[in-house]
Each structure stands twice: as C-alpha cells, then as structure tokens.
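A.B. asks: This structure is in structure tokens; I'll ask about it shortly.
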Amino acid sequence: MNIEILSLFSLIIVLLYLLVRAADLIEDGFVLIARTLKVNEFFIGFVILSIVSSLPELSIAFSSNDSVPELSVGNLLGASFVLLTLAIGLMVVKVGEVRFGGKFKETEIIEGLILIGLGVLTVSDGYLSISEGLMLGVAYLFYVGLVYDKFRKKRQSDEASSATVSSRKVIKMFGKAALGAGLILVCSSLIVDTVVLLGQRVYINESIIGLFVLAIGTNIPELTLLIRAKKIKQRNLALGTFIGSATVNIAILGLLAILAQGVDLKQGDGHNYFSMIPVMLILTFTLISFAYFSWTGRKLSRSEGIMLLGFYISLIVTELALIVIR
C-alpha cells in the first residue's frame, strides 16, 4: 500500500479517536447535570447521551457543509445504519434477547424508525432541499416531544438517583467541556480535509468513506456503551442511546441541508448518489424488518439480532462488489 495513503488513513483513525474522546469530555458533564436534576436512566440515554454522542457527526456536518456535504450525508445515513444493525444486532446476540417494556416500548421504537425512514425518503431522489431539511428538524422535535410526554406520565413510578455537585466539580466539568468543544472543532475540520485528500488518492468518492470509515468511527461512543452494558438497566440505557442517536442523525441531516442550502448528490459524475443507493435500499429493508420484529414479539430475539448483523454484512459486500466492478 502507498505510504501516503497509509499515512492518511492512519491520520483519520487518530483524529476520529480524538473526536470521540472530545465528545466524552462533554458527555460526562451533561450526564452529571442530568442526574443532579433527577432525570432517569432512559431519558439520559435517549435524549442527552444520544445528542452528545452525535457531536462527532454534527461537527463533521458543520465542517463539510460548504465543501463536501455528500461526505456528511454518507456519514449520517451510515451511522444510523450501523446503530440499527451492527450495534443493536451485537447487543441482542450478546444478551440473548431484548424486551421492550416499561419506559421504552415498541411504539416509541416504531415512531423513531418512521423518522429515520423519512430521512431516507428525502435523500432518495438525490437532492435534499432546504424545505426538506426544515421538515426533518421539525419531525425530530415532534418525535422527542412525543417521547418526553410519555416519559413524563410514567415518571411518577420511576424514581431517579440524584447527585450533589460541588462548585469545584462544576468548574472542572465546564473546563473539560470547553476543552472537548475545542478538540471537536479542530478534529472535525482536519477529518474532512483528510478524507477529501484520501478519496482523491484512492479514487473512492467521499460518500463511501463517510458511509464506512466515518460511520464506524463516529459511533465509537455508542459501541463502547454496548461493551459496557451488562445489567438490564444498562441495556435500557444502551438501547435508548442507539435509537436516540439514529434519530438525532436525521435531525443533523436536516440541519446539513439548511447550512449547505441544499445538497445535490447527483452533481458531477453522480457517483456519490449511485454509491448511496445500496445503503438506502438495505436501510429501508432494515427499518421494515426492525419494525416487524418490535411490533410482533415486543422484543428482539438472538436470531433477529443475527439477521440485523446480516443486513450490515450484506451492505459491505454490495459496496465492495460495486467498487470492484467500477
């Protein structure tokens, strides 16, 4: 392998690691505040952790909107796909089965899947307009409102642990958050520039790199949460974060359309759009299957988890085959 290509790829890995660590610095502060305000584990996972753990995707969207927005589109759709197939599939295979009940039922999951499907639909014609971006943003806020309303009604029977925070700890927390924010801004900008250069060297369009390399890299916080989740309470937190992050990515997709004043995947030779067709098709089939699994059994079984992993593998095989054919 060419030394320059290897160096660029290694730099992307290092920058992704720093980007994720930066998000961790901010995440710790948000979780501490949430627990101080007596917010329960599920809502911490679904809203707070999912938004904060999506900061890498958000930062890449900001950094790429005026130059290569298609890189962010591939990253966002790919990240949602990774969460629904690889992350949740591995969790189900690991624990045997995941039941939906209590604070997080199948209705919330299906509503989230519909939102993700809406994001796929807006990109399916190859152009994401400003009005479609606004629609995705409003749809996400509406979805969070629905989930919060259900959470609020159930809160009476669900006491959350509280935490006492000293002023010294608050100052330290904000210092870490400021450092994390600075790292995110620097790393995301360098990642976009490096990915563009790598794409030029290996003749692979930016959306493919965003779909595979960045989609995995920016989901390291969620995958780490999966590894740590051993107790049922931790599994609920992980599941809430996975579904929440997948829906947050759709909101970021809408924000990207607004910032970039529309995203045209068909510009140039159209390779960015055609390379996105497999992920849109397989993601759509995944959404339908996931909704069916959730609604019929009110749970995900190990065999269904294996099937979700199969969807992820099928996308990798399809995209690699297309690269070889080209």
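No gaps in the numbering here: position 287 of the sequence shown is 287 in the working numbering, and each next residue is one more. Cβ coordinates follow ideal geometry from the N, Cα and C atoms, glycine included.
(1) Given that a residue counts as buried once 16 or more other Cβ atoms are within 10 Å of its Cβ, and exposed if not, what is G310?
(2) In whole angstroms, what is the alpha-carbon distance linking L128 and Y292?
(3) Between the stretch 258 to 273 and the stretch 67 to 74, do three or more beta carbon pairs fall short of 8 Å?
(4) Starting from L121, trace the beta strand (DSSP E) both ways and give me its first and last residue.
(5) When the distance is taken between beta carbons, is S188 closer than 9 Å to N219?
(6) Between L281, L239 and A260, which has its C-alpha nearest R99's C-alpha?
(7) The alpha helix (DSSP H) spanning A94 covers which residue range?
(8) Determine the direct distance from the alpha carbon of L90 to that of E97, and round the result to whole angstroms.
(9) Out of curiosity, what's the CA-to-CA distance linking D24 and M173?
(10) Give the DSSP-derived three-state secondary structure of V68 in the structure shown.
(11) State the start and end residues of the unbroken beta strand (DSSP E) segment that holds S301.
(12) Roughly how many whole angstroms lie between the Cα atoms of A260 and G74?
(13) Relative to the C-alpha of V144, which residue among I306, E111 and V324 is closest?
(14) Whether or not the stretch 275 to 287 and the stretch 131 to 140 are in contact is what I'm after, with contact meaning three or more pairs of Cβ atoms, one per stretch, closer than 8 Å; do they touch?
(15) Which value, in whole angstroms, describes the spacing of the CA atoms of D193 and T318?
(16) Drop a sphere of 10 angstroms on the beta-carbon of I316, count the other beta-carbons inside from all chains shown, and report buried for 16 or more, exposed for fewer.
(17) Out of S63, G78, A61 and S59, which one is the CA nearest neighbour of I394?
(18) Give me the residue from I5, F9, L55 and L6 with the minimum Cα distance to L19.
C.D. replies: Quick answer:
(1) Residue 310 sits at position 310 when you count from the first residue of the sequence shown. Here G310 is exposed: its Cβ has fewer than 16 other Cβ atoms, across all protein chains shown, within 10 Å.
(2) For the purposes of this step, residue 128 is identified with residue 128 of the sequence shown, where counting begins at 1. For the purposes of this step, residue 292 is identified with residue 292 of the sequence shown, where counting begins at 1. Each residue's alpha carbon lies about 28 Å from the other.
(3) Counting Cβ pairs under 8 Å, three or more are found: they touch.
(4) Taking the sequence shown and counting its residues from 1, the one referred to as residue 121 is at position 121. Premise fails: L121 lies in the alpha helix (DSSP H), E106 to V123, not in any beta strand (DSSP E).
(5) Stepping through the sequence shown from its first residue, residue 219 is reached at position 219. Stepping through the sequence shown from its first residue, residue 188 is reached at position 188. Contact flag unset, no.
(6) Position 99 of the sequence shown holds residue 99. Comparing alpha-carbon positions, the option among L281, L239 and A260 lying closest to R99 turns out to be L239.
(7) Counting from one through the sequence shown, the residue named residue 94 turns up at place 94. Looking at the sequence shown, residue 94 is not Ala but Lys. It spans I88 to V95 - the alpha helix (DSSP H) in which K94 sits, taken as one unbroken run.
(8) Here residue 97 refers to the residue found at position 97 of the sequence shown. Here residue 90 refers to the residue found at position 90 of the sequence shown. Taking the straight line from one Cα to the other gives about 11 Å.
(9) Residue numbering aside, residue 24 sits at position 24 when the sequence shown is read from its first letter. Residue numbering aside, residue 173 sits at position 173 when the sequence shown is read from its first letter. Note on geometry: alpha-carbon atoms of D24 and M173 lie some 11 Å from one another.
(10) Against the sequence shown, residue 68 aligns to sequence position 68. In this structure, V68 counts as coil in the three-state DSSP scheme.
(11) The count along the sequence shown starts at 1 and reaches residue 301 at position 301. For S301, the enclosing beta strand (DSSP E) has its first and last residue at K299 to S301.
(12) Here residue 260 is taken as the residue at index 260 of the sequence shown, counted from 1. Here residue 74 is taken as the residue at index 74 of the sequence shown, counted from 1. Near 15 Å, if we compare the C-alpha coordinates of G74 and A260.
(13) Walking along the sequence shown from the start, residue 144 turns up at place 144. The shortest Cα separation from V144 among I306, E111 and V324 belongs to E111.
(14) Because the criterion of three Cβ pairs below 8 Å is not met, the stretch 131 to 140 and the stretch 275 to 287 do not touch.
(15) The sequence position of residue 193 within the sequence shown is 193, counting from 1. The sequence position of residue 318 within the sequence shown is 318, counting from 1. About 27 Å.
(16) Here the question's residue 316 lines up with position 316 in the sequence shown. Burial state of I316 is exposed, judged by a 10 Å Cβ sphere holding fewer than 16 other Cβ atoms.
(17) Outside the shown range of the chain, which is 1 to 326, sits residue 394, and nothing can be said about it.
(18) Against the sequence shown, residue 19 aligns to sequence position 19. When the alpha-carbon of L19 is set against those of I5, F9, L55 and L6, the nearest one is in L55.
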